[in-house]
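Working notes for the structure below.
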Amino acid sequence: MTIKATTLSDLPAAASQLVTFAGAEKIFLFNGDMGAGKTSFIKSLCEALGVKEAVTSPTFAIVNEYRGADIKIYHFDFYRLKNQTEALDMGAEEYFYSGNYCFIEWPEKISDMLPLHCINVSLKVLNDNSREITIEKI
Ligand SMILES: Nc1ncnc2c1ncn2[C@@H]1O[C@H](COP(=O)(O)OP(=O)(O)OP(=O)(O)O)[C@@H](O)[C@H]1O
Ligand SMILES: [Mg+2]
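First residue of the sequence shown: 2, per this note's numbering; consecutive thereafter.
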């Protein structure tokens, strides 16, 4: 599914579409260049799932945890990861198989550790004000 020309104000609607599309699947990979809009879309997604607290980039912490309506979300940013051993050491696999939502920025940094079935979200910059969002089950 492709959601074309998504501006910042379209993100809440796009997030609802994604939640419906995902169904029971809870591992989401966010692909896209630096500044493509991964964190912004995750923010809207967290709001759609009932998160009231601030959603910020976990670049330095690697993982942030949020609570929504009866659910827990782990938000990862692996951009600064040096190698996959570092992800193993922080217990990434325990998070992935915990049954909670996992939203992963820069999943290519841990390609060997990713669960078999995920929702793949790709963001592409169209221009300063809009993005194209492609969503698929893998
Ligand atoms: N759908 C959108 N339409 C227009 N602008 C957007 C959209 N999504 C994000 N932006 C803008 O793009 C910039 C970068 O967004 P964001 O931090 O979400 O990107 P990112 O992919 O998480 O970047 P990084 O790779 O550094 O983590 C921000 O200024 C944000 O406001
Ligand atoms: Mg980001």
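We put the beta carbon where it would ideally sit given N, CA and C, even for glycine.
Inset, instruction - Measure the CB-CB distance between Q85 and I120 and report whether it falls below 9 Å. - result: no
Inset, instruction - Examine ligand 2 and report whether any of its heavy atoms sits within less than 8 Å of the Cβ of E106. - result: yes
Inset, instruction - Run through the region 61-108 for me and flag every whole alpha helix (DSSP H) of 4 or more residues, listed as ranges in chain order. - result: 85-90 and 93-97
Inset, instruction - With DSSP collapsed to three states, give me the class of E26. - result: coil
Inset, instruction - Classify H76 as buried or exposed, calling it buried when 16 or more other Cβ atoms lie within 10 Å of its own Cβ. - result: buried
Inset, instruction - Measure the C-alpha to C-alpha separation of L127 and A6 and round it to an integer number of angstroms. - result: 7 Å
Inset, instruction - Tell whether a beta-carbon distance below 9 Å holds between K27 and N130. - result: no
Legend entry - Any non-hydrogen atom of ligand 1 within 8 Å of A37 CB: yes
Legend entry - Where the beta strand (DSSP E) through E137 begins and ends: S131 to K138
Inset, instruction - Alpha carbon to alpha carbon, how far is S123 from G38? Give it in angstroms, no decimals. - result: 10 Å
Legend entry - Identified DSSP bridge partners for K125: E133
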